[in-house]
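Going by the UniProt record's numbering, 68 is the number at position 68 of the sequence shown; the sequence numbering is gapless.
C-beta: ideal position from N, C-alpha, C; glycine also.
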Amino acid sequence: MNQFIHPDFKLNGKQFSYLELLSEAIYLKENGKFFEKAIGKFLLEWLNTDEYVFVQTSGSTGKPKKILVEKSAMMASARATGLFFKLQPKTTALLCLSADYIAGKMMLVRALTLGWHLDTTEPNSNPLTNQRYDFVAMVPMQVANSLEQLYLVGTLLIGGTKVNYQLAESVLKTKCNAFESYGMTETISHIAIKRIGEKCFTVLPNVSIALDERNCLVIEALELSTDKIVTNDRVSILNETQFILNGRIDNVINSGGVKIFPEEVEEQLSKHFSTRFFIASLADDKFGEIVILVLEGKPFEVDTSSFSELPKYQIPKKIVFIEKFVETETNKVNRKKTLEKLT
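Next comes the structure, spelled out in structure tokens:
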């Protein structure tokens with residue numbers, strides 16, 4: 001099983017043989033802190049004789065479920081990331097995401113496959129210390145709390161949920177080499193990347209894209225999956241390697257026969273609100289559905305000039321406040337369960 005461990009691989013400063021890493025994994029699973037137990041559990045799966053691992057989806061767009069992922073596909077994904085970012089063996093990296101989910105698991109796989117020197121830390125809201133790293137992957141909440149320390153990061157990959165306008169502007173001011181990722185558990189982490197501040201995603205090597213009859217993205221990546229992956233994400237394909245993400249078809253609002261994508265409205269409004277929000281709909285006798293703005297926190301007076309750049313049909317007909325949004329275990333906003341608080 002040594003083929004799964006690159007000779008340059010280090011974990012928290014230590015180099016391991018197969019048996020030594022197996023022993024470390026057992027120790028972490030049985031005696032480690034909560035986040036270390038997840039790391040140990042995954043390493044034991046990675047080092048066993050099975051050709052696959054089970055991975056938990058986050059549940060942000062549906063019921064959480066476990067899916068089967070080939071180890072060879074995970075290694076192919078790791079190599080594609082290394083090639084895209086030109087990351088060599090002995091790259092220093094930080095794992096600050098939960099190893100219970102694909103993003104954290106893939107940081108371990110990249111390190112094991114590409115020979116990185118990986119440090120681990122508890123997945124909290126501000127994971128950076130004074131240590132410099134060549135590569136770090138974070139969710140937007142972590143980035144927002146780490147802006148003053150981003151100079152310590154060579155390449156920053158932001159994923160898990162969309163990077164809003166205000167966070168993008170803040171990251172750009174730090175001059176950090178930062179990117180946003182597109183992907184899902186089914187694609188084994190990201191299959192496309194865009195630089196913060198840019199609009200279009202570029203696919204990783206050996207990934208092909210197309211549209212289905214709904215204008216939703218279809219992904220073909222034979223190294224990751226023998227089947228085409230049909231998404232519910234409406235996109236505009238610019239060329240064979242680039243696309244613009246418009247929004248999820250399952251979030252679409254039909255108001256008086258006009259289709260409205262909440263993500264497009266949110267993009268326009270994100271510069272006006274510092275609190276979390278999203279666009280949703282309520283049933284309406286006249287229009288079928290009306291657009292509503294859902295804000296997190298205590299009610300406050302909303303300046304309606306914030307809507308001045310929106311077409312008339314996209315302007316929220318109602319503004320509602322919910323004290324605390326419902327989140328998934330990976331800190332994504334669960335829109336459906338959050339809206340259930342209104343009923």
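Other residues of its chain near residue i: CB distance less than 6 Å, five sequence neighbours each side excluded
{"i": "LYS228", "result": "VAL218, GLU220"}
{"i": "LEU83", "result": "PRO205"}
{"i": "ASN177", "result": "THR155"}
{"i": "ASN44", "result": "It should be noted that the sequence gives Leu, not Asn, for residue 44. Within the same chain, LEU44 has close Cβ partners ALA25."}
{"i": "SER208", "result": "GLU220"}
{"i": "LEU22", "result": "LEU47"}
Per-residue burial, residue i [other beta carbons within 10 Å of its own, 16 or more giving buried]
{"i": "ARG335", "result": "buried"}
{"i": "GLN142", "result": "buried"}
{"i": "ARG132", "result": "exposed"}
{"i": "THR304", "result": "exposed"}
{"i": "ASP50", "result": "exposed"}
{"i": "ASN126", "result": "exposed"}
{"i": "PHE54", "result": "exposed"}
{"i": "GLY13", "result": "exposed"}
{"i": "TYR101", "result": "buried"}
{"i": "PRO140", "result": "buried"}
{"i": "PRO262", "result": "buried"}
{"i": "LEU342", "result": "exposed"}
{"i": "LYS194", "result": "buried"}
{"i": "ILE244", "result": "exposed"}
{"i": "LEU28", "result": "buried"}
DSSP bridge partner residues for residue i (one or two, in chain order)
{"i": "ILE191", "result": "The partner list for ILE191 (beta bridge, DSSP) is empty, contrary to what the question assumes."}
{"i": "GLY247", "result": "ARG234"}
{"i": "CYS96", "result": "Paired residue(s): none; CYS96 is not in a bridge."}
{"i": "GLY256", "result": "Partner(s): none; GLY256 has no beta bridge."}
{"i": "ILE315", "result": "Its beta-bridge partners do not exist; DSSP assigns none."}
{"i": "residue 402", "result": "No statement about residue 402 is possible, as the shown extent of the chain runs from 1 to 343 and does not include it."}
{"i": "GLN15", "result": "LYS10"}
{"i": "CYS216", "result": "ARG234"}
{"i": "ILE292", "result": "ALA280, LYS318"}
{"i": "THR120", "result": "LEU95"}
{"i": "LYS66", "result": "GLN56"}
{"i": "ILE26", "result": "Per DSSP, none; premise fails for ILE26."}
{"i": "ILE209", "result": "ILE219"}
{"i": "GLU180", "result": "ILE158, LYS194"}
{"i": "TYR133", "result": "VAL153"}
Neighbourhood of residue i by C-beta distance below 7 Å, restricted to the same chain and skipping five residues each side
{"i": "GLU283", "result": "Checking the displayed sequence, the identity of residue 283 turns out to be Ala instead of Glu. Counting only Cβ-Cβ distances below 7 Å, and skipping sequence neighbours, we find GLU289."}
{"i": "ALA103", "result": "LEU97, ALA137, GLY159, GLY160, SER189"}
{"i": "LEU293", "result": "PHE277, ILE279, PRO316, ILE319"}
{"i": "LEU19", "result": "none"}
{"i": "PRO123", "result": "PHE35, CYS96, LEU97, SER98"}
{"i": "residue 430", "result": "The first residue shown for the chain is 1 and the last is 343, placing residue 430 beyond what the model contains."}
{"i": "GLU223", "result": "ALA73, ALA76, ASN206"}
{"i": "CYS200", "result": "LYS194, LEU238, GLN242, PHE243, ILE244"}
{"i": "VAL69", "result": "TYR52, VAL53, VAL55, ILE188"}
Own chain residues within Cβ distance below 8 Å of residue i, not counting five before or after
{"i": "LEU211", "result": "LEU217, VAL218, VAL235, ILE237"}
{"i": "VAL333", "result": "SER60, THR161, ARG276, PHE278, PHE325, VAL326, GLU327"}
{"i": "SER146", "result": "ASN126, PRO127, LEU128, MET138"}
{"i": "PRO89", "result": "HIS6, ASP8, LEU114, GLY115, TRP116"}
{"i": "THR231", "result": "MET184, CYS216, LEU217, VAL218, ILE219"}
C-alpha gap between residue i and residue j, whole angstroms
{"i": "THR91", "j": "ASP134", "result": "6 Å"}
{"i": "ARG276", "j": "LEU295", "result": "6 Å"}
{"i": "GLU301", "j": "ALA280", "result": "19 Å"}
{"i": "VAL153", "j": "MET184", "result": "24 Å"}
{"i": "SER181", "j": "GLY197", "result": "13 Å"}
{"i": "SER72", "j": "PHE9", "result": "18 Å"}
{"i": "ASP233", "j": "SER17", "result": "43 Å"}
{"i": "PHE34", "j": "GLY256", "result": "50 Å"}
{"i": "MET106", "j": "PHE4", "result": "13 Å"}
{"i": "LEU157", "j": "GLU323", "result": "30 Å"}
{"i": "LYS66", "j": "GLU329", "result": "14 Å"}
{"i": "ASN31", "j": "LEU87", "result": "33 Å"}
{"i": "SER308", "j": "GLU240", "result": "36 Å"}
{"i": "ARG214", "j": "ILE260", "result": "14 Å"}
{"i": "GLU267", "j": "LYS37", "result": "38 Å"}
{"i": "ASN164", "j": "GLY297", "result": "18 Å"}
{"i": "PHE287", "j": "LYS312", "result": "14 Å"}
{"i": "ASP119", "j": "ASP285", "result": "56 Å"}
{"i": "LEU339", "j": "PHE321", "result": "10 Å"}
{"i": "ALA168", "j": "LEU11", "result": "31 Å"}
{"i": "SER225", "j": "GLU148", "result": "39 Å"}
Contact belief for residue i with residue j at Cβ below 8 Å, rounded distance in angstroms
{"i": "residue 346", "j": "LEU94", "result": "Within the shown structure, residues of the chain are numbered from 1 to 343, placing residue 346 beyond reach of any answer."}
{"i": "HIS6", "j": "LEU114", "result": "6 Å"}
{"i": "GLN314", "j": "VAL265", "result": "5 Å"}
{"i": "ALA78", "j": "ARG110", "result": "4 Å"}
{"i": "LEU150", "j": "ILE39", "result": "About 24 Å; that fails the 8 Å criterion."}
Proximity test, Cβ basis, 7 Å: residue i and chain C
{"i": "HIS6", "result": "Absent here is chain C; the protein component of the structure consists of one chain."}
Residue i: CB within 6 Å of a non-hydrogen atom of the ligand FMN
{"i": "LEU217", "result": "Looking at this structure, you won't find the ligand FMN or any other ligand, since it has none at all."}
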